[in-house]
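Visitor:
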Amino acid sequence: MLEVKNLTVNYGAITALRGVSLQVKQGDIVTLIGANGAGKTTTLRAISGLLKTAGGEVLYEGRNIANLPAHEIVKLGMSHVPEGRMVFANLTVLENLQMGAYLRRDKPAIRKEMDYVFGIFPRLQERLKQTAGTLSGGEQQMLAIGRALMSKPKFLMLDEPSLGIAPLLVKTIFEKIVEINREQGISILLVEQNANLALEISQYGYVLETGRIILQDRSLALRQNPQVKSAYLGGA
Amino acid sequence: MLPRSQILLLATVAASLGVTMFSDGIDPYFLLVIKNVGINIILAVSLNLVNGYTGQFSLGHAGFMAVGAYTSAAITLFLGPPLLAAIGMHGVAATAGLFLAALVAGGLVAALAGLLVGIPSLRLKGDYLAIVTLGFGEIIRVIFRNVQSLGGALGLNGIPPYTNFFWTFTFVALTVYVIISMVHSTYGRGFLAVHDDEVAAEAMGLNTTRYKVIAFVVGAFFAGIAGGLYGHSQRSIDPQTFNFVKSIEIVVMVILGGMGNTVGVILAAVLLTLLPEFLRPIAEYRMMIYSLLLIVLMLTRPQGLFTWRRAKVQPAT
Ligand SMILES: Nc1ncnc2c1ncn2[C@@H]1O[C@H](COP(=O)(O)OP(=O)(O)OP(=O)(O)O)[C@@H](O)[C@H]1O
Ligand SMILES: [Mg+2]
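Protein chains in written order, with my numbering: chain A, 1 to 236; chain B, 237 to 553.
Here's what the structure looks like:
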């Protein structure tokens, strides 16, 4: 599905990614963990075309999409939920979801997609006419994920969906992520601080440190890895 | 939404035609003020598309107004009369046609200027637009000051008084109609999305640069129209008319009206055009009181005087 080879990204004089390589197989959930500032967000943004890359390749379904504009990449069936729940604060919940289907013209199919989103997050349906800026943090995260689903992606990238959300709701949201993956067959690249949960629901994992992948393995194995345990799983 | 606003559009045009036909008895000074109100509404509502709805910051609206004013005045002064004579047309219909063509040409040239300024500066993220448009407004004035065929520093005089109540409010109605229809369409919600979060909008597949450029060019077009109406109402224009202060005046109307709120911006344009006129009897203190009032309003209602609908909410971070 996705293969990133030797990706390099600079912010001016600062090099944020130094040759990152990773792979997401069709139908998998793959997680990318790492400390603050490791370059996780940068990796996702470079893949989805929000950032220019300085080197390397982003092969998506066999095609190199590095440095394609973001709106072209969305057309290829890739959807990105950016870090920090960036909903359109002045638009209603309904309008936000409609923006998610921005590139689609098929009204009945969009309607079906919306029903699917309401099935996963019934709360959104209850708040259809509310301006998104007045939703609670958790509701905004649901909206951000729902909005990304509206484009009917084949490949979904989530940047810290648990950020600033109460533990109970985090669990629900992770269950929904698994549900989306299973029911819709959407491949997922998940970035998380909450490494425990992320490794639990994913098949494969990568550990990023200061712009480099330092470890990669099946998620089950990573959870047993002493290095990962001490650094990312709270030492236990 | 659409049918109702189309009726409103037609009603405004019809009403302004009616008023124009019976405008002989109206005090000319009063009429001039009312036309200025209309022109300022066009300026403020069109800038609101850029600074309000799309969330960019342009400081050069007077520059586009100047481009439209000079273009249309040059047409009615120099190009039009020989042209009409050559094709043997005269009378009311001929001058009306000439004026309409001149206004639209002014709008188009201003839009072209907007495209040239907008494309390079809107592709970059950040506040480049404010700086570039600020520079543009000044450069335009320098250019007009040095083009002797356009009157140089003295400007153009004896412009025919074609701007009447009808033309002014027809274009007011048209501006409001076009911009409201734009932002309320499915496509147009993208302007609001770009305003709320550019990165997220891009991630949804919007071509954000194109949205910003479209908003900017449409804004410039109507500023050009307003410039044409202004020139043919005042009957003389000079580079100094379209200085930085004029741009700021329009920005203040947009902010005071509550960015991205067309009704509020219209009310603010009316208020800020009439206020100095009411203060005219106390001439020495006029600008002082005007400035003081602005400061008080900004401090007490930073969200805009007339904001009541869509509450502007900061995105949660
Ligand atoms: N716009 C920017 N300009 C300059 N440097 C940046 C910019 N964005 C990120 N960086 C730097 O790039 C590095 C990687 O940042 P990134 O946001 O990718 O980290 P992250 O792994 O997502 O961290 P977090 O877990 O805190 O979200 C950091 O050192 C950061 O300071
Ligand atoms: Mg991050």
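We put the beta carbon where it would ideally sit given N, CA and C, even for glycine.
From a predicted model like this one, the values you see are computed outputs, not experimental measurements.
Whole angstroms are fine: how far does the CA of Gly391/B sit from the CA of Thr477/B?
Guide: On the second sequence, position 241 is the one that residue 477/B refers to. On the second sequence, position 155 is the one that residue 391/B refers to. Cα to Cα, the separation comes out at about 10 Å.
Visitor: Please list, in chain order, all residues with a C-beta atom less than 5 Å from at least one heavy atom of ligand 1.
Guide: Tyr11/A, Ala16/A, Asn36/A, Gly37/A, Ala38/A, Gly39/A, Lys40/A, Thr41/A and Thr42/A
Visitor: Give the list of continuous beta strand (DSSP E) stretches no shorter than 3 residues that lie fully inside the segment 322–389 of chain B.
Guide: Qualifying beta strand (DSSP E) stretches: none in this window.
Visitor: What do you get for Leu74/A, buried or exposed, if any count of 16 or more other CB atoms within 10 angstroms of its CB means buried?
Guide: Looking up residue 74/A in the first sequence gives position 74. The residue you asked about is not Leu; residue 74/A is Val in the sequence shown. Burial call: buried.
Visitor: Would a C-beta distance cut-off of 8 Å place Met142/A and Leu189/A closer than the cut-off?
Guide: The residue given as residue 142/A occupies position 142 in the first sequence. The residue given as residue 189/A occupies position 189 in the first sequence. Contact flag unset, no.
Visitor: Is there at least one Cβ from chain B nearer than 8 Å to Met142/A's Cβ?
Guide: One-based indexing of the first sequence puts residue 142/A at position 142. It does not; no Cβ of chain B falls within 8 Å.
Visitor: Between Glu200/A and ligand 2, is there a pair consisting of the residue's CB and a ligand heavy atom that are separated by less than 7 Å?
Guide: Along the first sequence, one-based indexing puts residue 200/A at 200. Glu200/A: no, Cβ never under 7 Å from ligand 2.
Visitor: Quick check on Lys40/A - is its C-beta less than 8 Å from some C-beta in chain B?
Guide: Indexing the first sequence from 1 puts residue 40/A at position 40. Cβ-Cβ to chain B under 8 Å: no for Lys40/A.
Visitor: Compare the C-alpha of Leu410/B against each of Ser282/B, Glu434/B, Val378/B and Gly261/B and name the closest.
Guide: The count along the second sequence starts at 1 and reaches residue 410/B at position 174. With distances taken between Cα atoms, Leu410/B lies closest to Ser282/B.
Visitor: Counting only beta-carbon atoms, is Ala436/B nearer than 8 Å to chain A?
Guide: On the second sequence, residue 436/B is found 200 positions in, with the first residue counted as 1. It does: the Cβ of Ala436/B has a partner Cβ on chain A nearer than 8 Å.
Visitor: Can you find at least 3 beta carbon pairs, one from the segment 460–478 of chain B and one from the segment 438–451 of chain B, that sit closer than 8 Å?
Guide: Contact between the segment 460–478 of chain B and the segment 438–451 of chain B is absent: fewer than three C-beta pairs spanning the two stretches fall below 8 Å.
Visitor: Looking at the C-beta of Ala429/B, does it have a partner C-beta in chain A at a distance below 8 Å?
Guide: For the purposes of this step, residue 429/B is taken as the residue at position 193 of the second sequence. Yes, Ala429/B counts as interfacial toward chain A.
Visitor: Check this for me: beta carbons of Val87/A and Ala132/A, under 8 Å apart or not?
Guide: Residue numbering aside, residue 87/A sits at position 87 when the first sequence is read from its first letter. Residue numbering aside, residue 132/A sits at position 132 when the first sequence is read from its first letter. Against a cut-off of 8 Å, the Cβ pair of Ala132/A and Val87/A comes out as a contact.
Visitor: Compute the minimum distance between the beta carbon of Glu83/A and the heavy atoms of ligand 2, and state whether it is under 7 Å.
Guide: In the first sequence, residue 83/A corresponds to position 83, counting from 1. Glu83/A Cβ: within cutoff of ligand 2.
Visitor: Spell out the partners DSSP gives Phe478/B in its beta bridges.
Guide: Indexing the second sequence from 1 puts residue 478/B at position 242. According to DSSP, Phe478/B bridges with nothing at all.
Visitor: Where does Val328/B land, buried or exposed, given buried means 16+ other C-beta within 10 angstroms?
Guide: In the second sequence, residue 328/B corresponds to position 92, counting from 1. Exposed: under 16 other Cβ atoms inside 10 Å.
Visitor: What does Lys129/A reach in chain B if we use C-beta pairs closer than 7 Å?
Guide: For the purposes of this step, residue 129/A is taken as residue 129 along the first sequence, with counting starting at 1. Simply none; closest approach about 12 Å.
Visitor: Can you name, in chain order, every residue of its own chain whose Cβ lies under 6 Å from the Cβ of Met150/A, other than the five neighbours on each side?
Guide: As a working note, residue 150/A is residue 150 in the first sequence. Excluding sequence neighbours, Met150/A sits near Leu97, Gly100, Ala101 and Glu113.
Visitor: Which residues mark the beginning and the end of the alpha helix (DSSP H) in which Lys448/B is found?
Guide: Counted from its first residue, the second sequence places residue 448/B at position 212. Start and end: Thr444 to Gln470.
Visitor: Using a Cβ cut-off of 8 Å, which residues of the segment 88–100 of chain A contact any Cβ in chain B, in chain order?
Guide: Phe88, Ala89, Asn90, Leu91, Glu95, Gln98, Met99 and Gly100
Visitor: Comparing the CB of Glu160/A with every heavy atom of ligand 2, is any distance shorter than 7 Å?
Guide: Mapped onto the first sequence, residue 160/A falls at position 160. At least one heavy atom of ligand 2 is nearer than 7 Å to the Cβ of Glu160/A, so yes.
Visitor: Shortest alpha-carbon distance to Ser385/B belongs to which of Asp474/B, Pro396/B and Ile355/B?
Guide: Counting from one through the second sequence, the residue named residue 385/B turns up at place 149. Here the closest residue by C-alpha is Asp474/B.
Visitor: What's the call for Pro153/A, buried or exposed, on a 16-neighbour Cβ count within 10 Å?
Guide: As a position in the first sequence, residue 153/A is number 153, starting the count at 1. Classification for Pro153/A: buried.
Visitor: For ligand 4, any of its heavy atoms closer than 7 Å to the Cβ of Gly27/A?
Guide: This structure simply doesn't include ligand 4; it includes ligand 1 and ligand 2 instead.
Visitor: The alpha helix (DSSP H) with Asn276/B in it runs from where to where?
Guide: On the second sequence, residue 276/B is found 40 positions in, with the first residue counted as 1. Pro264 to Leu283 is the extent of the alpha helix (DSSP H) around Asn276/B.
Visitor: Ile213/A: which of Gly49/A, Gly34/A, Thr15/A and Gly12/A sits nearest, CA to CA?
Guide: Counting from 1 along the first sequence, the entry for residue 213/A is found at position 213. Ile213/A has its Cα closest to that of Gly34/A, out of Gly49/A, Gly34/A, Thr15/A and Gly12/A.
Visitor: When you check each C-beta in the segment 61–82 of chain A against every C-beta of chain B, which residues fall closer than 9 Å?
Guide: Pro69, Ala70, His71, Glu72, Ile73, Val74, Lys75, Ser79, His80, Val81 and Pro82
Visitor: Determine the burial state of Ile486/B: buried for a count of at least 16 other Cβ atoms within 10 Å of its Cβ, exposed for fewer.
Guide: Residue numbering aside, residue 486/B sits at position 250 when the second sequence is read from its first letter. It is buried - the Cβ of Ile486/B has at least 16 other Cβ atoms within 10 Å.
Visitor: Using 8 Å as the limit for Cβ to Cβ distance, is Met196/B near chain A?
Guide: Lying outside 237 to 553, the shown extent of chain B, residue 196/B is not represented and no answer is given.
Visitor: Chain B partners of Tyr102/A, CB-CB under 8 Å?
Guide: For this step, residue 102/A is matched to residue 102 along the first sequence. The contacting residues are Gly426, Met440, Gly441 and Leu442.
Visitor: Check whether the Cβ of Asp363/B lies closer than 8 Å to any Cβ atom in chain A.
Guide: If you number the second sequence from 1, residue 363/B lands on position 127. It does not; no Cβ of chain A falls within 8 Å.
Visitor: For Glu3/A, which residues from the same chain have a beta carbon less than 7 Å from its beta carbon, with the 5 sequence-adjacent residues on both sides left out?
Guide: Numbered from 1 along the first sequence, position 3 holds the residue referred to as residue 3/A. For Glu3/A, where only same-chain residues beyond five positions count, the Cβ hits under 7 Å are Gln23 and Leu59.
Visitor: Can you tell me whether DSSP reads Gly291/B as helix, strand or coil?
Guide: Along the second sequence, one-based indexing puts residue 291/B at 55. Of the three classes helix, strand and coil, the one that applies to Gly291/B here is coil, per DSSP.
Visitor: Would Val9/A and Leu51/A be called neighbours here (beta carbons separated by less than 8 Å)?
Guide: Against the first sequence, residue 9/A aligns to sequence position 9. Against the first sequence, residue 51/A aligns to sequence position 51. Yes, these two residues count as a Cβ contact at 8 Å.
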